[in-house]
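Last residue of the sequence shown: 157 in full-length UniProt numbering, with the numbers rising by one and none dropped.
Note sheet for the following structure.
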Amino acid sequence: MKRTSLAGDSCPVARALDVFGDWWSLLIIRDASLGRRRFGEFQASLGLAKNILATRLRTLVERGILKTVPASDGSAYQEYVLTPKGHGIFPILVALRQWTEEFDEHPDEIATILVDRDNGKPVKKLALHSQDGRALGAADTALKPRPARKAAKRVSA
C-alpha cells in the first residue's frame with residue numbers, strides 16, 4: 001500500500017512529516033547526527049532489515065537530508081553525511097528528546113542526557129520566544145494567513 005504524500009499540504013507540519021515523518025528515518029538522522037556514516041553502522045545501531053534501511057537512506061538522499069560521499073578511509077564504500085537541510089532537523093530531535101525526558105513514564109530508563117560539549121552541563125530546555133524575548137506557549141500564539149507575494153515586475157524591451 002502506497003503512502004499518501006503530504007508534500008503539497010498547506011500545513012508546514014504535514015510537509016515536514018512527509019520528508020522525515022517515519023520513526024526509522026528520524027532514527028537514521030539521529031544516528032547521522034551522532035557521527036554514524038556507513039550502512040553497516042546504521043544497521044548495527046538500529047537492527048533494521050537491510051532492504052528497509054536501503055530504502056530509507058535512498059529516500060533521505062533524494063530529499064536532500066543526507067548526501068553520499070566517498071568513504072573517509074579511501075575504501076570503495078560510500079558514506080552518508082547530513083546536508084545543511086539534515087542538520088536543520090537537530091532541534092526537532094532535541095525537542096523530541098526533551099519531551100520524552102519530561103513526560104516518559106520511566107525517565108530513569110533513558111540511557112543518556114544531552115550536554116554541552118564544552119562544559120559537560122545539561123542543555124537548557126528548548127523554548128519558544130517572541131521577537132521581544134518573552135517566553136511563549138501554545139495559548140500565546142496564533143496562525144494567520146501568509147501575506148500574498150507581490151508579483152514580479154515585468155521588464156519589457
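All residues carry an ideal CB built from backbone N, CA and C; glycine is no exception.
{"query": "Within 8 angstroms, do at least three Cβ pairs link the stretch 54 to 72 to the stretch 6 to 24?", "result": "yes"}
{"query": "What do you get for TRP24, buried or exposed, if any count of 16 or more other CB atoms within 10 angstroms of its CB means buried?", "result": "buried"}
{"query": "Would you identify the three-state DSSP class for THR112, choosing helix, strand or coil?", "result": "coil"}
{"query": "What are the boundary residues of the alpha helix (DSSP H) that GLN78 is part of?", "result": "First-last for GLN78: 78 to 82, but that is the beta strand (DSSP E), not the alpha helix (DSSP H)."}
{"query": "By alpha-carbon positions, which one of GLN78, LYS85, LEU126 and GLU101 ends up nearest to GLY137?", "result": "LEU126"}
{"query": "Can you tell me the Cα-Cα spacing of GLN98 and ARG56, whole angstroms?", "result": "25 angstroms"}
{"query": "Which whole-angstrom value is the C-beta distance of LEU82 and SER130, which I expect to be below 8 angstroms?", "result": "No, LEU82 and SER130 are not in contact; Cβ-Cβ is about 30 angstroms, not under 8 angstroms."}
{"query": "Distance, Cα to Cα, ALA44 vs ALA14?", "result": "30 angstroms"}
{"query": "Run through the stretch 6 to 41 for me and flag every whole alpha helix (DSSP H) of 4 or more residues, listed as ranges in chain order.", "result": "12 to 20 and 23 to 33"}
{"query": "Under 8 angstroms Cβ to Cβ from SER5, same chain only, skipping five residues before and after it: list those, please.", "result": "ASP18"}
{"query": "In chain order, what residues of the same chain lie with their CB nearer than 8 angstroms to the CB of LEU46, ignoring the 5 residues before and after it?", "result": "TRP24, LEU27, ILE28, ASP31 and LEU53"}
{"query": "If you draw a straight line from the C-alpha of ILE110 to the C-alpha of GLY35, how long is it?", "result": "20 angstroms"}
{"query": "According to DSSP, is LEU128 helix, strand or coil?", "result": "strand"}
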